[in-house]
Amino acid sequence: MLEVKGISKHFGGVRALNDVSLHLDAGEVLALAGDNGAGKSTLIKVISGVHAPDTGVLTYMGQPLNANSPLQARNLGIETIYQDLALADNLNVGANIFLGREPMKPFFGLTKVIDRQKMLQESREVLHSLDIEIPESSLEQPVRNLSGGQRQAIAISRAIYWNAQLLIMDEPTAALGVPEQRKVLELIDKLRSQKIGIIFISHNLNDIFAASDRILVLRQGRVVGESKIGQTSREEVVSQMVSG
Amino acid sequence: MKLDAIRSIWPWLFLLSMSIFFEVWARLAYDASFLFNLFNIQSILTFATAPLLLGIGVTFVIIAGGIDLSIGFTMGFAAVVFATITASLGGQDPLVALSIGIIATMLLVMIPGMINGWLIAGLHIPPFIGTLGMYGVARGMGFIVADGVTVPVNNPILFQLGTAKVFGLIPVPVLIAAIVVLIAHFVLSKTKFGQYTYAIGGNREAALRAGINVKRHTLLLYMIAAGFAGLAGLIYTGRFSAGAAQAGEPLLLDSIAAVFIGGASFFGGSGKIFGTVIGALVIAVIQFGLVFVDVEPFWQFLAVGIVIIVAVLVDQSRTRLSSGEK
Numbered sequence: 247m248l249e250v251k252g253i254s255k256h257f258g259g260v261r262a263l264n265d266v267s268l269h270l271d272a273g274e275v276l277a278l279a280g281d282n283g284a285g286k287s288t289l290i291k292v293i294s295g296v297h298a299p300d301t302g303v304l305t306y307m308g309q310p311l312n313a314n315s316p317l318q319a320r321n322l323g324i325e326t327i328y329q330d331l332a333l334a335d336n337l338n339v340g341a342n343i344f345l346g347r348e349p350m351k352p353f354f355g356l357t358k359v360i361d362r363q364k365m366l367q368e369s370r371e372v373l374h375s376l377d378i379e380i381p382e383s384s385l386e387q388p389v390r391n392l393s394g395g396q397r398q399a400i401a402i403s404r405a406i407y408w409n410a411q412l413l414i415m416d417e418p419t420a421a422l423g424v425p426e427q428r429k430v431l432e433l434i435d436k437l438r439s440q441k442i443g444i445i446f447i448s449h450n451l452n453d454i455f456a457a458s459d460r461i462l463v464l465r466q467g468r469v470v471g472e473s474k475i476g477q478t479s480r481e482e483v484v485s486q487m488v489s490g
Numbered sequence: 010m011k012l013d014a015i016r017s018i019w020p021w022l023f024l025l026s027m028s029i030f031f032e033v034w035a036r037l038a039y040d041a042s043f044l045f046n047l048f049n050i051q052s053i054l055t056f057a058t059a060p061l062l063l064g065i066g067v068t069f070v071i072i073a074g075g076i077d078l079s080i081g082f083t084m085g086f087a088a089v090v091f092a093t094i095t096a097s098l099g100g101q102d103p104l105v106a107l108s109i110g111i112i113a114t115m116l117l118v119m120i121p122g123m124i125n126g127w128l129i130a131g132l133h134i135p136p137f138i139g140t141l142g143m144y145g146v147a148r149g150m151g152f153i154v155a156d157g158v159t160v161p162v163n164n165p166i167l168f169q170l171g172t173a174k175v176f177g178l179i180p181v182p183v184l185i186a187a188i189v190v191l192i193a194h195f196v197l198s199k200t201k202f203g204q205y206t207y208a209i210g211g212n213r214e215a216a217l218r219a220g221i222n223v224k225r226h227t228l229l230l231y232m233i234a235a236g237f238a239g240l241a242g243l244i245y246t247g248r249f250s251a252g253a254a255q256a257g258e259p260l261l262l263d264s265i266a267a268v269f270i271g272g273a274s275f276f277g278g279s280g281k282i283f284g285t286v287i288g289a290l291v292i293a294v295i296q297f298g299l300v301f302v303d304v305e306p307f308w309q310f311l312a313v314g315i316v317i318i319v320a321v322l323v324d325q326s327r328t329r330l331s332s333g334e335k
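First to last, the sequence lines map onto chains X and A. This note's numbering applies: residue 247 is where the first sequence begins, and numbers increase by one. This note's numbering applies: residue 10 is where the second sequence begins, and numbers increase by one.
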């Protein structure tokens with residue numbers, strides 16, 4: 247579904263990406279590994295349209311992707327989930343899932359008001375379809391009362407509700423406790439079974455080996471290793487990360 | 010969850026305990042009733058309208074994580090502008106003079122609001138500093154327009170509106186405030202505009218990512234605050250048949266206190282119009298109550314100041330509890 251060919255990106259004299267290529271199929275989980283400054287973040291920002299590459303071509307679902315258009319990327323179903331920036335803590339689950347795109351209903355024929363009942367109902371359904379467990383009593387509470395993993399799950403279900411086909415996740419498990427990390431990994435599994443393509447960045451090799459199908463190792467802006475999980479080992483990945 | 014419930018109940022408890030306090034005091038000291046007295050109730054409600062109107066405007070701003078310190082003097086500016094314009098049209102039909110005065114004042118009062126919004130949303134000046142600057146500007150403008158004196162206005166319709174009681178019972182300013190309260194509550198709780206106000210206060214970054222035009226929204230919020238200050242200025246001039254630049258000076262503290270007593274968070278993201286209504290009533294009960302039991306008026310400032318500190322302490326302990334700190 248996604249084809250990235252020969253992407254390079256400079257910031258001043260710094261070469262952040264150097265001839266990077268990758269591909270991703272629907273229902274596949276690709277992990278991006280690499281040390282700080284290896285170019286992981288720049289690469290996902292190029293894919294999500296935040297940065298335009300200097301050279302190279304992006305193709306998504308057979309169509310060329312306009313570089314430098316986050317809006318186009320989002321409209322085509324490419325969604326990025328960031329660690330902490332996703333949710334308004336003081337709003338409830340439905341309000342967050344629908345933030346900026348609230349359903350409206352008529353108000354005595356005079357004007358329109360937010361349809362909170364519909365937001366609640368639809369949120370319940372999308373959470374259910376992804377096997378995300380959030381107690382009924384918490385659905386109408388501010389999401390600050392929920393755990394880190396549940397909040398992450400809400401951010402993901404928002405993307406899915408709005409028809410994301412390709413999810414990019416930046417360190418989805420970094421701020422979570424172990425049981426919560428496991429929940430997020432289960433969710434990634436569930437998304438894979440629904441044919442969503444996933445690219446995720448992680449520092450945690452355990453997560454990478456638990457959740458992904460393939461791993462791409464970056465070092466100093468270059469791809470220094472690409473292997474299927476099962477055909478590689480932690481030791482090999484670590485040695486690629488540090489010495490290329 | 011329980012904490013949120015406590016938070017919405019405690020302003021009511023505060024209002025109740027204040028009322029009982031003055032009721033007991035009045036009965037013991039003067040053998041009179043504080044609460045079961047129509048005149049007192051009318052006076053308290055009328056007293057509450059000015060801090061309430063200012064408070065409603067600033068409730069929007071505070072929910073979105075901002076503050077507006079200029080509303081008191083913007084109200085004074087509106088009062089003198091309104092009085093000056095309406096008085097200068099004294100030869101016209103009173104209704105025409107009044108209408109022109111109202112429209113012109115409400116348009117002019119948008120200017121400080123727009124400048125506040127532009128400074129904060131466009132130039133990223135912290136709200137506290139930007140509106141503190143406007144505090145000075147509006148104060149100066151008010152005194153300049155009024156030439157340093159109180160501007161009398163002699164308009165029979167305005168006099169009627171400012172002092173009449175609907176059905177001989179409800180003062181007109183109170184009725185206007187009640188209608189405005191309902192509209193503001195509707196906007197804040199039922200519309201996208203209200204929803205985005207909460208979202209911006211909760212997580213500005215999330216609001217931006219959700220495609221909300223945060224800049225435009227912030228500009229509108231400060232214009233709303235200025236608009237309510239303008240309305241408060243109109244009502245002031247109506248009640249006293251005169252505009253004064255210092256009309257809103259003591260009301261800045263009262264109105265912001267009303268918002269925090271009403272349960273809004275100092276950190277943004279929460280607050281309710283009906284909370285601010287209760288907050289304004291608490292302030293009015295304290296102020297009118299102290300007058301009623303014949304305590305020197307200086308004690309009002311002290312009492313309101315203490316109430317603000319208590320309200321913010323409650324907010325902090327709530328925030329700390331919900332984030333799990335001790």
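We put the CB at the ideal spot given by N, CA and C, even for glycine.
Test: residue i CB closer than 8 angstroms to a CB of chain X
i	result
lysine 335 of chain A	Because lysine 335 of chain A sits at a pLDDT of 36, beneath the cut-off of 50, its placement in the model cannot be relied upon, and the point is left open.
alanine 88 of chain A	no
methionine 10 of chain A	Because the pLDDT at methionine 10 of chain A is just 47, under 50, the model does not fix this residue reliably, and the point stays unresolved.
glycine 314 of chain A	no
isoleucine 221 of chain A	yes
lysine 199 of chain A	yes
glycine 345 of chain A	No answer is possible for residue 345 of chain A: the residues shown for chain A start at 10 and end at 335.
alanine 208 of chain A	yes
alanine 130 of chain A	no
alanine 193 of chain A	no
glycine 211 of chain A	yes
alanine 216 of chain A	yes
serine 279 of chain A	yes
Reduced DSSP secondary structure (H/G/I, E/B, other) of residue i
i	result
methionine 84 of chain A	helix
isoleucine 445 of chain X	strand
isoleucine 253 of chain X	strand
proline 161 of chain A	strand
lysine 335 of chain A	Model confidence at lysine 335 of chain A stands at a pLDDT of 36, short of 50, so the residue's coordinates are unreliable; what they give is reported in the following sentence. If DSSP states are grouped into helix, strand and coil, lysine 335 of chain A belongs with coil.
aspartate 416 of chain X	strand
alanine 279 of chain X	strand
serine 267 of chain X	strand
alanine 262 of chain X	strand
glycine 476 of chain X	coil
isoleucine 138 of chain A	helix
glycine 100 of chain A	coil
glycine 394 of chain X	helix
leucine 132 of chain A	coil
Rounded distance between the beta-carbons of residue j and residue i, thought under 8 angstroms
i	j	result
glycine 85 of chain A	glycine 151 of chain A	4 angstroms
leucine 337 of chain X	glycine 211 of chain A	6 angstroms
phenylalanine 56 of chain A	glutamine 296 of chain A	6 angstroms
alanine 277 of chain X	serine 458 of chain X	4 angstroms
alanine 235 of chain A	proline 161 of chain A	At roughly 25 angstroms, the Cβ-Cβ gap does not stay under 8 angstroms, so alanine 235 of chain A and proline 161 of chain A are not in contact.
glycine 131 of chain A	leucine 261 of chain A	With 8 angstroms as the limit, glycine 131 of chain A and leucine 261 of chain A do not qualify as a contact, their Cβ atoms being about 24 angstroms apart.
proline 352 of chain X	lysine 364 of chain X	With a Cβ gap of about 13 angstroms, proline 352 of chain X and lysine 364 of chain X do not count as contacting.
serine 279 of chain A	valine 67 of chain A	Not a contact, Cβ separation roughly 14 angstroms.
Proximal residues to residue i (C-beta, below 6 angstroms), its chain only, five neighbours per side dropped
i	result
leucine 117 of chain A	Val90
alanine 320 of chain A	Phe269 and Ile270
glutamine 309 of chain A	Gln296 and Leu299
glutamate 386 of chain X	Asn338
Sequence-distant residues of its chain with Cβ nearer than 7 angstroms to residue i (five each side left out)
i	result
threonine 58 of chain A	Pro182, Val183, Ala186 and Ile244
proline 103 of chain A	Asn164, Pro165 and Ile166
CB contact check: residue i to chain A, cutoff 8 angstroms
i	result
leucine 268 of chain X	no
aspartate 335 of chain X	yes
leucine 345 of chain X	yes
asparagine 314 of chain X	no
alanine 341 of chain X	yes
valine 359 of chain X	yes
glutamate 348 of chain X	yes
alanine 456 of chain X	no
alanine 420 of chain X	no
alanine 272 of chain X	no
alanine 262 of chain X	no
alanine 332 of chain X	yes
Length at least 4, wholly inside the stretch 164-251 of chain A: the alpha helix (DSSP H) runs in chain order: 165-172, 181-199, 201-211, 213-218 and 223-249
Output the residue ranges of the alpha helix (DSSP H) runs that lie fully inside the stretch 294-329 of chain X and measure 4 residues or longer, sorted by chain position. 316-321
Could I get the ranges of all uninterrupted alpha helix (DSSP H) runs contained in the stretch 32-92 of chain A, with 4 residues as the minimum, in chain order? 47-72
If we require 4 or more residues per run, which alpha helix (DSSP H) segments fall completely within the stretch 338-388 of chain X? 339-343 and 362-375
Scan the stretch 250-311 of chain A and note each continuous beta strand (DSSP E) run of 3 residues or more that stays entirely inside, going in chain order. DSSP runs (the beta strand (DSSP E)) wholly in the stretch 250-311 of chain A: none.
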